[in-house]
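S.K.: Protein sequences, first through last, are from chains A and B. Going by full-length UniProt numbering, the first residue of the first sequence is number 1, and it counts up by one from there. Going by full-length UniProt numbering, the first residue of the second sequence is number 1, and it counts up by one from there. Glycine included, each C-beta is placed from N, C-alpha and C at the ideal position. Bear in mind that the values here come from a model prediction, so they are computed numbers and not experimental data. Got a structure for you, written out below as structure tokens; questions coming shortly.
Protein chains: 2
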Amino acid sequence: MAFTFSPDHVDRAREAAAASLAEGGVPIGAALVVDGELVAVGHNQRVQHGDPTAHGEIDCLRNAGRMRSYADAVMITTLAPCAMCTGAIIQFGIRRVVVGEAQTFSGELGLLRSRGVDVVVLDDPACRDLMEQFQQRYPEVWAEDIGEVL
Amino acid sequence: MAFTFSPDHVDRAREAAAASLAEGGVPIGAALVVDGELVAVGHNQRVQHGDPTAHGEIDCLRNAGRMRSYADAVMITTLAPCAMCTGAIIQFGIRRVVVGEAQTFSGELGLLRSRGVDVVVLDDPACRDLMEQFQQRYPEVWAEDIGEVL
Numbered sequence: 001m002a003f004t005f006s007p008d009h010v011d012r013a014r015e016a017a018a019a020s021l022a023e024g025g026v027p028i029g030a031a032l033v034v035d036g037e038l039v040a041v042g043h044n045q046r047v048q049h050g051d052p053t054a055h056g057e058i059d060c061l062r063n064a065g066r067m068r069s070y071a072d073a074v075m076i077t078t079l080a081p082c083a084m085c086t087g088a089i090i091q092f093g094i095r096r097v098v099v100g101e102a103q104t105f106s107g108e109l110g111l112l113r114s115r116g117v118d119v120v121v122l123d124d125p126a127c128r129d130l131m132e133q134f135q136q137r138y139p140e141v142w143a144e145d146i147g148e149v150l
Numbered sequence: 001m002a003f004t005f006s007p008d009h010v011d012r013a014r015e016a017a018a019a020s021l022a023e024g025g026v027p028i029g030a031a032l033v034v035d036g037e038l039v040a041v042g043h044n045q046r047v048q049h050g051d052p053t054a055h056g057e058i059d060c061l062r063n064a065g066r067m068r069s070y071a072d073a074v075m076i077t078t079l080a081p082c083a084m085c086t087g088a089i090i091q092f093g094i095r096r097v098v099v100g101e102a103q104t105f106s107g108e109l110g111l112l113r114s115r116g117v118d119v120v121v122l123d124d125p126a127c128r129d130l131m132e133q134f135q136q137r138y139p140e141v142w143a144e145d146i147g148e149v150l
């Protein structure tokens with residue numbers, strides 16, 4: 001199975017991130033695509049649901065529900081995955097990840113690749129702009145989300 | 001801060017695992033302890049909530065809610081953490097993990113230790129017995145939970 005995703009799928013993840021920012025939340029969105037079809041979208045829910053585990057990728061996987069296999073899935077995420085989301089991708093057997101940008105947070109791309117996951121980084125200015133707006137407006141929430149103490 | 005937890009805290013995690021098995025769910029429980037005080041308990045909710053991300057440790061961290069720091073926290077879990085839960089422990093900055101047993105699933109203890117997390121494995125027969133009962137009764141659910149296709 002090829003690395004099948006479309007710009008529309010990236011748009012959906014970015015729209016989820018933007019919707020989260022509009023709610024005062026962390027603007028990280030994700031989309032799960034299987035065989036070229038969108039299965040689920042999600043975004044970080046730390047602020048909205050008071051749930052520190054609901055990063056964009058985790059929320060998306062939760063919204064997708066139970067699946068027998070992720071072997072043909074592509075995870076699209078607007079920001080480089082943190083250690084938790086990287087671990088989820090590895091554990092679930094997702095083999096392809098599309099990252100909107102990795103400049104505002106470098107994540108665990110090395111760990112992903114070391115476990116055989118194909119990673120594409122888009123360096124998308126719109127994804128970066130959302131994160132820069134958020135980091136400037138809510139530095140304490142951002143620190144909390146990545147496990148740092150200001 | 002010392003590696004502070006008590007046998008009572010391990011009992012709470014094991015009781016959560018047993019409660020999950022009684023519901024037909026995956027019998028993995030977790031407890032979060034800060035400064036010797038129990039903050040939250042959780043257990044795997046894949047079957048109960050149809051949520052593949054709700055492993056015991058994730059459910060426990062979700063139940064604990066937002067926290068500024070996990071530097072003084074101990075995560076107790078009845079089974080060796082998978083890659084997702086290992087990543088969560090690393091990302092959240094939890095530095096001490098107590099594992100009930102690592103025989104029925106070896107998890108990612110090496111990754112945890114490579115990131116500086118202190119890990120104690122209890123080799124608890126009661127935790128192992130819960131997993132062995134589950135693996136025999138529900139092999140397909142167990143395969144799904146660890147990302148394997150039977």
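#1: Within the same chain, show all residues whose beta-carbon is closer than 7 angstroms to that of Cys60 (chain A), passing over the 5 residues directly before and after it, in chain order.
#2: Under three-state DSSP, which class holds Met1 (chain B)?
#3: Out of curiosity, what's the CA-to-CA distance linking Phe134 (chain B) and Gly56 (chain A)?
#4: Just by C-beta distance, which residues in the region 31-53 of chain B are closer than 8 angstroms to chain A?
#5: Would Gly87 (chain B) and Met84 (chain A) be called neighbours here (beta carbons separated by less than 8 angstroms)?
#6: In chain A, what lies closer than 7 angstroms to Thr86 (chain B) by C-beta?
#7: How about Pro52 (chain A) and Arg66 (chain B): do their beta carbons lie closer than 8 angstroms?
#8: Hey, which unbroken runs of the beta strand (DSSP E) at 3 residues or more fall wholly within the region 93-133 of chain A?
#9: Is it true that the region 117-125 of chain B meets the region 115-130 of chain A, where meeting means three or more beta-carbon pairs spaced less than 8 angstroms apart?
#10: Taking DSSP as the reference, what is the three-state secondary structure of Ile89 (chain B)?
#11: Beta-carbon of Met67 (chain B) versus every beta-carbon of chain A: anything under 8 angstroms?
#12: Might you give, ordered along the chain, the residues of its own chain that have their beta carbon closer than 6 angstroms to the beta carbon of Pro27 (chain B), omitting 5 neighbours on each side?
#13: Tell whether a beta-carbon distance below 8 angstroms holds between Phe105 (chain B) and Ile76 (chain B).
#14: For Val149 (chain A), does the count of other Cβ atoms within 10 angstroms reach 16, so buried, or fall short, so exposed?
#15: Among the residues of its own chain, which have a CB less than 7 angstroms from the CB of Gly36 (chain A), if the five just before and after it don't count?
#16: List the whole-angstrom C-beta distance separating Ile90 (chain A) from Arg115 (chain A), where the pair is believed to meet the contact cut-off of C-beta under 8 angstroms.
#17: Between which residues of its own chain and Ala64 (chain B) is the CB-CB distance below 7 angstroms, once the five residues before and five after are set aside?
#18: Note down the Cα distance separating Ala13 (chain B) from Val74 (chain B), rounded to an integer number of angstroms.
#19: Which residue or residues does DSSP assign as beta-bridge partners of Thr53 (chain B)?
#20: So, with DSSP's three-state summary, where would you put Ile58 (chain A)?
#21: Taking the CB atoms as reference points, tell me whether Val99 (chain B) and Val119 (chain B) lie closer together than 8 angstroms.
#22: Using DSSP with H/G/I as helix, E/B as strand and the rest coil, what is Thr23 (chain A)?
#23: By alpha-carbon positions, which one of A:Gly50, A:Val34, A:Pro81, A:Ile94 ends up nearest to Ala102 (chain A)?
#24: I'd like the list of long-range same chain contacts for Leu111 (chain A), defined as Cβ closer than 6 angstroms, with 5 residues on each side in sequence excluded.
#25: Ile58 (chain B) to Asn44 (chain B), Cα distance in whole Å?
#26: Distance cutoff 8 angstroms, beta carbons only. Does Arg137 (chain B) sit that close to anything in chain A?
#27: From this set, B:Ile94, B:Gly24, B:Ser6, which residue's C-alpha is nearest His49 (chain B)'s C-alpha?
#28: Expressed to the nearest angstrom, what Euclidean distance is found between the alpha-carbon atoms of Arg96 (chain A) and Asp8 (chain B)?
#29: Suppose you measure from the CA of Val47 (chain A) to the CA of Arg137 (chain A); what does that come to, to the nearest Å?
#30: Looking only at its own chain, which residues have a Cβ that is under 6 angstroms from the Cβ of Thr78 (chain B), when we skip the five neighbours before and after it?
M.R.: Let me spell this out:
#1: Here residue 60 (chain A) corresponds to residue number 60 of the first sequence, with the count starting at 1. If we look at Cys60 (chain A) and ignore the five residues flanking it on each side, its Cβ neighbours are Ala30, Ala31, Leu32, Ala40, Val41, Gly42.
#2: Here the question's residue 1 (chain B) lines up with position 1 in the second sequence. Summary for Met1 (chain B): the model assigns pLDDT 48, below 50, so the residue's position carries little reliability, and this model does not support an answer.
#3: In the second sequence, counting from the first residue as 1, residue 134 (chain B) sits at position 134. In the first sequence, counting from the first residue as 1, residue 56 (chain A) sits at position 56. Computed Cα separation, rounded: 31 angstroms.
#4: Within the region 31-53 of chain B, the residues whose Cβ lies closer than 8 angstroms to some Cβ of chain A are Arg46, Gly50, Asp51, Pro52, Thr53, listed in chain order.
#5: Here residue 87 (chain B) corresponds to residue number 87 of the second sequence, with the count starting at 1. Here residue 84 (chain A) corresponds to residue number 84 of the first sequence, with the count starting at 1. Yes, they are a contact pair.
#6: Taking the second sequence and counting its residues from 1, one reaches residue 86 (chain B) at position 86. Gly87, listed in chain order.
#7: Counted from its first residue, the first sequence places residue 52 (chain A) at position 52. Counted from its first residue, the second sequence places residue 66 (chain B) at position 66. Annotated as proximal: Pro52 (chain A) and Arg66 (chain B), with beta-carbon spacing under 8 angstroms.
#8: Whole beta strand (DSSP E) segments, 3+ residues: 96-101, 118-121.
#9: Between the region 117-125 of chain B and the region 115-130 of chain A, the count of C-beta pairs closer than 8 angstroms stays below three; the two stretches do not touch.
#10: What you label residue 89 (chain B) is simply residue 89 of the second sequence in a count that begins at 1. It is helical.
#11: Here residue 67 (chain B) refers to the residue found at position 67 when the second sequence is read from its first residue. Answer yes: the Cβ-Cβ gap between Met67 (chain B) and chain A drops below 8 angstroms somewhere.
#12: The residue labelled residue 27 (chain B) in the question sits at position 27 within the second sequence. Short of 6 angstroms from the beta carbon of Pro27 (chain B), and not among the five residues preceding or following it, lie these beta carbons of its own chain, in chain order: Ala17, Ser20, Leu21, Leu130, Phe134.
#13: Numbered from 1 along the second sequence, position 105 holds the residue referred to as residue 105 (chain B). Numbered from 1 along the second sequence, position 76 holds the residue referred to as residue 76 (chain B). Cβ distance not < 8 angstroms, so Phe105 (chain B) and Ile76 (chain B) don't count as in contact.
#14: Taking the first sequence and counting its residues from 1, one reaches residue 149 (chain A) at position 149. By the neighbour-count rule (16 or more Cβ atoms within 10 Å), Val149 (chain A) is not buried but exposed.
#15: Locating residue 36 (chain A) in the first sequence gives position 36, where the first residue counts as 1. Excluding residues up to 5 positions away in sequence, Thr4 lie with their Cβ nearer than 7 angstroms to the Cβ of Gly36 (chain A) in the same chain.
#16: For the purposes of this step, residue 90 (chain A) is taken as residue 90 along the first sequence, with counting starting at 1. For the purposes of this step, residue 115 (chain A) is taken as residue 115 along the first sequence, with counting starting at 1. Rounded, the Cβ-Cβ distance is 5 angstroms, consistent with contact.
#17: The count along the second sequence starts at 1 and reaches residue 64 (chain B) at position 64. Cβ within range, chain order: Leu32, Val39, Ala40.
#18: To locate residue 13 (chain B), count along the second sequence from 1; it is residue 13. To locate residue 74 (chain B), count along the second sequence from 1; it is residue 74. In a straight line, the C-alpha of Ala13 (chain B) is about 12 angstroms away from that of Val74 (chain B).
#19: Position 53 of the second sequence, counting from 1, holds the residue named residue 53 (chain B). Looking at the DSSP assignment, Thr53 (chain B) forms no beta bridge with any residue, so it has no partner.
#20: Sequence index remark: in the first sequence, residue 58 (chain A) carries index 58 (1-based). In the structure shown, the three-state DSSP call for Ile58 (chain A) is helix.
#21: For the purposes of this step, residue 99 (chain B) is taken as residue 99 along the second sequence, with counting starting at 1. For the purposes of this step, residue 119 (chain B) is taken as residue 119 along the second sequence, with counting starting at 1. The answer is yes: Cβ separation under 8 angstroms.
#22: Residue numbering aside, residue 23 (chain A) sits at position 23 when the first sequence is read from its first letter. For the record, residue 23 (chain A) in the displayed sequence is Glu; it is not Thr. Correct three-state label for Glu23 (chain A): coil.
#23: Numbered from 1 along the first sequence, position 102 holds the residue referred to as residue 102 (chain A). In terms of Cα proximity to Ala102 (chain A), the closest of A:Gly50, A:Val34, A:Pro81, A:Ile94 is A:Pro81.
#24: To locate residue 111 (chain A), count along the first sequence from 1; it is residue 111. The residues are Thr86.
#25: Along the second sequence, read from residue 1 onward, the residue named residue 58 (chain B) stands at position 58. Along the second sequence, read from residue 1 onward, the residue named residue 44 (chain B) stands at position 44. Ile58 (chain B) and Asn44 (chain B) have their alpha carbons spaced roughly 8 angstroms apart.
#26: In the second sequence, the residue the question calls residue 137 (chain B) occupies position 137. Answer no: the Cβ-Cβ gap between Arg137 (chain B) and chain A never drops below 8 angstroms.
#27: For the purposes of this step, residue 49 (chain B) is taken as residue 49 along the second sequence, with counting starting at 1. Selected option, being the one with the closest Cα: B:Gly24.
#28: To locate residue 96 (chain A), count along the first sequence from 1; it is residue 96. To locate residue 8 (chain B), count along the second sequence from 1; it is residue 8. Each residue's alpha carbon lies about 42 angstroms from the other.
#29: Locating residue 47 (chain A) in the first sequence gives position 47, counting from the first residue. Locating residue 137 (chain A) in the first sequence gives position 137, counting from the first residue. If you draw a straight line from the Cα of Val47 (chain A) to the Cα of Arg137 (chain A), it is about 14 angstroms long.
#30: Reading the second sequence from its first residue, position 78 is the one you call residue 78 (chain B). In its chain, beyond the 5 residues on either side, Ala13, Arg14, Ala17, Ile28, Gly29, Gly100, Cys127 have a beta carbon closer than 6 angstroms to the beta carbon of Thr78 (chain B).
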